[in-house]
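Asker: Residue numbers (our numbering), protein chains in the order written: chain A, 12 to 327; chain B, 173 to 421.
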Amino acid sequence: MESTALIKVENLSRFYQNHRAINHLSFTLEAGEVLGFLGPNGAGKSTTMQIITGNLAPSEGQVSINGFDILESPRDAKQQIGYLPEHPPVYRDASVDEYLKYCAQLRRITRQGIPQAMLQAKQSCGLSEVGDRLIGNLSKGYQQRVGIAQAIIHNPPVVILDEPTVGLDPIQIREIRSLIKNLGKERSVILSTHILSEVQATCDRVQIIRQGELIYNASIEVLNRGNERSICVALKNPPTIETLQQLEHVSHVEQKDEHRYHLFFDINSPAEALVKKSVEQDWGLYELTPDQQSLEDLFIELTQHQPTETAAVVES
Amino acid sequence: MIFVIARQEFKTMFLSPLAWVILAVLQTLLGYMFLAQLDNFYLLQPQLLQLKNTPGVTDIVIAPLFQISAIILLMIMPLITMRSIAEEKRNRSLSLLISSPLTMTDIVLGKFFGLFFFVMVLVSLLMAMPLSLYLGTSLDFGKLFSIYLSMLLLLGSFAAIGLYLSSLTENQTIAAVATFGALLMLWMIDWLGDTIGDGQTVVAYLSLLRHHQNLLQGVFDTSDIAYYLLLIITFLVLTVRQLDRERLL
């Protein structure tokens, strides 16, 4: 399986003076995979990404991208990557078209190929109508899109996005997410974030890091399957717990407060049976929500077990 | 690749009003000085005629003009070079270049040649004034070429020093002040004069002024050219090393 790994990170460590930001981190990214990089602030997400893209040198360890080592053949390795740093690296004085043309030239796209590459990047990032506007005058969301357009203009096999939705409004967030999903159809994507729903919405696999160490690594499917699913119901005249427990598909019931219950189930949702029963016996159902807390629970459980060392990690 | 970066640098310079203002102010000031020198020349003309081996208009008008413009440019070049790397650092846009398939040397050379194109425009504009004299008199083109070359090399050295100091900081003002200080120091380093004995030749060799004066007088000495080229290369190498080192910090 090794031949398909696009990015291979081995035993990566990174020190800032005496502070260890990354501690023997190893992972791989397969072709066509969207990998979510999850961790609390200062866990080393940005540092890892900066090392993979050659913006920082590792203190120890190796990174190879599509077979090219980032230290030994940086030029070839960088050609394989599109990178959006935390702050989009845009020139505020340039128009979107000027900027993207410059980026295309920097990425060694041939003169004939540039108009096509620009058109495609603009189309997939929804920038077609703002081509001649100055980047400095665009909203934060659009600047972020310009940043993403810059990262995909040379059609790299790997796209690395560092917190692409920070500071955006909910509509923009949704747009960027669907953009990322589309990217993931043709390319491999690494996405860092501390927003859990983002990972659940866009990623195939999730890695949680804490204090520079990989503490969790699994596909989203495994994550969802591994945790029992549940729904939360609120009933005005709740029956006894035993009655709820006897509903079809329910494995067990937990009482949350006077009116609310968590109903756990394996595969099929008991919602239908519950609604039916509720109407028949006048339980007064007024709320029914699926619980989606599995990843959040996991995240908090994993990241809260802090070692005694509380040094703040510098994320630069 | 170097050319792509250089062209972008050059374009960016003219996107802000700073470059235009600098060119306009410089041209006005030096135009006025040119006029004053020319006036002087008219006053001196009768006396000059009585001398044997008279200095021509190139020596009396043009060489002093470029002597003065070098000093004015010493104050102005820091304003041009200050933004080249410091601004990108502040805006965090340097990672665009670093994550592109380029070497650090490409980036630094691109930045330098961007500045150098600007210098060429600037010197050519200044050269246009003395060339206009050709309408009415004859000029010493050998000397003129030597002056042109000297200005390019001198301003190229200013640019390389400014580029290096701009790579050390995120703050443009600090880059400008430091560059100004460094240039002025290199300008007046030989003022120590005779007091330091043997050291004097070394100190004199380091002075930007000496080499500039030689070339202005039309003395084309390889050691002067080598001095400028060495200075430029040294500071470009330092800049590459600085940017490389930042990835390790």
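Beta carbons: idealized from backbone N, C-alpha and C, even for Gly.
Going by C-alpha distance, which of 195/A, 198/A, 138/A and 217/A is nearest residue 205/A?
Answerer: As a working note, residue 205/A is residue 194 in the first sequence. Residue 217/A is the option with its Cα nearest to residue 205/A.
Asker: For residue 250/A, would you say it is in contact with chain B, using Cβ-to-Cβ distances shorter than 8 Å as the test?
Answerer: Position 239 of the first sequence, counting from 1, holds the residue named residue 250/A. Cβ-Cβ to chain B under 8 Å: no for residue 250/A.
Asker: Output the residue ranges of the alpha helix (DSSP H) runs that lie fully inside the segment 349–399 of chain B and measure 4 residues or longer, sorted by chain position.
Answerer: The segment 349–399 of chain B contains these whole alpha helix (DSSP H) runs: 371–378 and 380–388.
Asker: Under the criterion of a Cβ to heavy atom distance below 7 Å, does residue 341/B qualify as lining the ligand SAM?
Answerer: With respect to the ligand SAM, the structure shown offers nothing to examine, as it has no ligands at all.
Asker: Quick one: list the residues of chain B neighbouring residue 66/A, beta-carbon separation under 8 Å, in chain order.
Answerer: Here residue 66/A refers to the residue found at position 55 when the first sequence is read from its first residue. Residues of chain B passing the Cβ test: 267, 270, 271 and 419.
Asker: For residue 158/B, which residues in the same chain have their Cβ closer than 7 Å to its Cβ, ignoring the five residues on either side in sequence?
Answerer: There is simply no residue 158/B to check, as chain B begins at 173 and stops at 421 in what is shown.
Asker: Report the residue from 45/A, 79/A and 50/A whose alpha carbon sits nearest the alpha carbon of residue 64/A.
Answerer: As a first step, residue 64/A is located in the first sequence; it is residue number 53 there, counting from the start. Among 45/A, 79/A and 50/A, the Cα nearest to that of residue 64/A belongs to 79/A.
Asker: Using the Cβ count rule (16 or more neighbours within 10 Å means buried), how would you classify residue 155/A?
Answerer: Indexing the first sequence from 1 puts residue 155/A at position 144. So residue 155/A ends up on the buried side.
Asker: With a 10 Å radius around its C-beta and 16 neighbouring C-beta atoms as the bar for buried, classify residue 294/A as buried or exposed.
Answerer: Locating residue 294/A in the first sequence gives position 283, where the first residue counts as 1. Classification of residue 294/A: buried, given that the 10 Å Cβ count is 16 or more.
Asker: At what residues does the alpha helix (DSSP H) containing residue 148/A begin and finish?
Answerer: By one-based count along the first sequence, residue 148/A stands at place 137. Element bounds for residue 148/A: n/a, residue is neither H nor E.
Asker: Interface residues of chain B around residue 114/A at Cβ under 8 Å?
Answerer: In the first sequence, residue 114/A corresponds to position 103, counting from 1. Ordered by position in chain B, the residues that pass the 8 Å Cβ test against residue 114/A are 268 and 272.
Asker: Would you say residue 281/B lies against chain A (beta-carbon separation less than 8 Å)?
Answerer: The residue labelled residue 281/B in the question sits at position 109 within the second sequence. Chain A contact via Cβ: absent.
Asker: Given a threshold of 16 other Cβ atoms within 10 Å of its Cβ, counted over all protein chains shown, does residue 241/A qualify as buried or as exposed?
Answerer: Within the first sequence, the letter at position 230 stands for residue 241/A. Answer is buried; the Cβ neighbour count reaches 16.
Asker: Identify whether residue 345/A lies in helix, strand or coil by the three-state DSSP scheme.
Answerer: One cannot answer for residue 345/A here, as it falls past the ends of chain A, which runs 12 to 327.
Asker: Going along the chain, which residues of its own chain have a beta-carbon closer than 6 Å to the beta-carbon of residue 329/B, five neighbours each way excluded?
Answerer: By one-based count along the second sequence, residue 329/B stands at place 157. Within the same chain, residue 329/B has close Cβ partners 400, 403 and 404.
Asker: Quick check: the Cα distance between residue 134/A and residue 106/A, rounded to an integer number of angstroms?
Answerer: Locating residue 134/A in the first sequence gives position 123, counting from the first residue. Locating residue 106/A in the first sequence gives position 95, counting from the first residue. Computed Cα separation, rounded: 16 Å.
Asker: Which residues of the segment 183–207 of chain B have a Cβ closer than 9 Å to any Cβ of chain A? Give them in chain order.
Answerer: So the close ones are 183, 184, 187 and 188.
Asker: Who are the near neighbours of residue 341/B in its chain, counting only those whose CB is closer than 6 Å to its CB and skipping five residues on each side?
Answerer: As a first step, residue 341/B must be located in the second sequence, where it is residue number 169. Once the five neighbours on either side are set aside, the close Cβ partners of residue 341/B are 258 and 347.
Asker: Can you tell me whether DSSP reads residue 297/A as helix, strand or coil?
Answerer: Numbered from 1 along the first sequence, position 286 holds the residue referred to as residue 297/A. Three-state DSSP puts residue 297/A in a strand.
Asker: Can you grab the Cα-Cα spacing for the pair residue 299/A / residue 243/A, in whole Å?
Answerer: To locate residue 299/A, count along the first sequence from 1; it is residue 288. To locate residue 243/A, count along the first sequence from 1; it is residue 232. Near 6 Å, if we compare the C-alpha coordinates of residue 243/A and residue 299/A.
Asker: Determine whether the beta carbon atoms of residue 342/A and residue 164/A lie at a separation below 8 Å.
Answerer: No information on residue 342/A is available, as it lies outside the stretch 12 to 327 that chain A covers here.
Asker: Smallest Cα separation from residue 113/A: which of 197/B, 241/B, 268/B and 413/B?
Answerer: On the first sequence, position 102 is the one that residue 113/A refers to. Here the closest residue by C-alpha is 268/B.
Asker: Look at the alpha carbon of residue 290/A and the alpha carbon of residue 315/A, and state the distance between them as a whole number of angstroms.
Answerer: Here residue 290/A corresponds to residue number 279 of the first sequence, with the count starting at 1. Here residue 315/A corresponds to residue number 304 of the first sequence, with the count starting at 1. C-alpha separation (whole angstroms): 42 Å.
Asker: Report the option in 267/A, 270/A, 288/A and 301/A whose CA atom is closest to the CA atom of residue 279/A.
Answerer: Here the question's residue 279/A lines up with position 268 in the first sequence. The residue with the shortest Cα to Cα distance from residue 279/A is 301/A.
Asker: Verify the CB distance criterion: does residue 29/A have a CB-CB separation below 8 Å to chain B?
Answerer: Locating residue 29/A in the first sequence gives position 18, counting from the first residue. Not closer than 8 Å to any Cβ of chain B, the Cβ of residue 29/A fails to qualify, so no.
Asker: Report the three-state DSSP secondary structure of residue 258/A (helix, strand or coil).
Answerer: Counting from one through the first sequence, the residue named residue 258/A turns up at place 247. It is coil, neither helix nor strand.
Asker: Anyone know if the C-beta pair for residue 111/A and residue 161/A falls short of 8 Å?
Answerer: Mapped onto the first sequence, residue 111/A falls at position 100. Mapped onto the first sequence, residue 161/A falls at position 150. Contact flag set, yes.
Asker: At a Cβ threshold of 8 Å, is residue 411/B touching chain A?
Answerer: Taking the first residue of the second sequence as position 1, residue 411/B is located at position 239. Chain A, which has no Cβ nearer than 8 Å to the Cβ of residue 411/B, makes this no.
Asker: Rounded to a whole number of angstroms, what is the C-alpha to C-alpha distance between residue 148/A and residue 115/A?
Answerer: Indexing the first sequence from 1 puts residue 148/A at position 137. Indexing the first sequence from 1 puts residue 115/A at position 104. Cα to Cα, the separation comes out at about 22 Å.
Asker: What separation, rounded to the nearest whole angstrom, lies between the Cα atoms of residue 138/A and residue 56/A?
Answerer: Working through the first sequence from its first residue, we reach residue 138/A at position 127. Working through the first sequence from its first residue, we reach residue 56/A at position 45. Spanning the two alpha carbons is a distance of roughly 28 Å.
Asker: Check whether the segment 86–94 of chain A and the segment 248–259 of chain A are in contact - that is, three or more C-beta pairs closer than 8 Å.
Answerer: Flag = no, the segment 86–94 of chain A and the segment 248–259 of chain A do not touch.
Asker: Determine whether the Cβ of residue 255/B lies closer than 8 Å to any Cβ atom of chain A.
Answerer: Within the second sequence, the letter at position 83 stands for residue 255/B. No, because no Cβ of chain A sits closer than 8 Å to the Cβ of residue 255/B.
Asker: Would DSSP call residue 136/A helix, strand or coil?
Answerer: As a position in the first sequence, residue 136/A is number 125, starting the count at 1. Three-state result, residue 136/A: coil.
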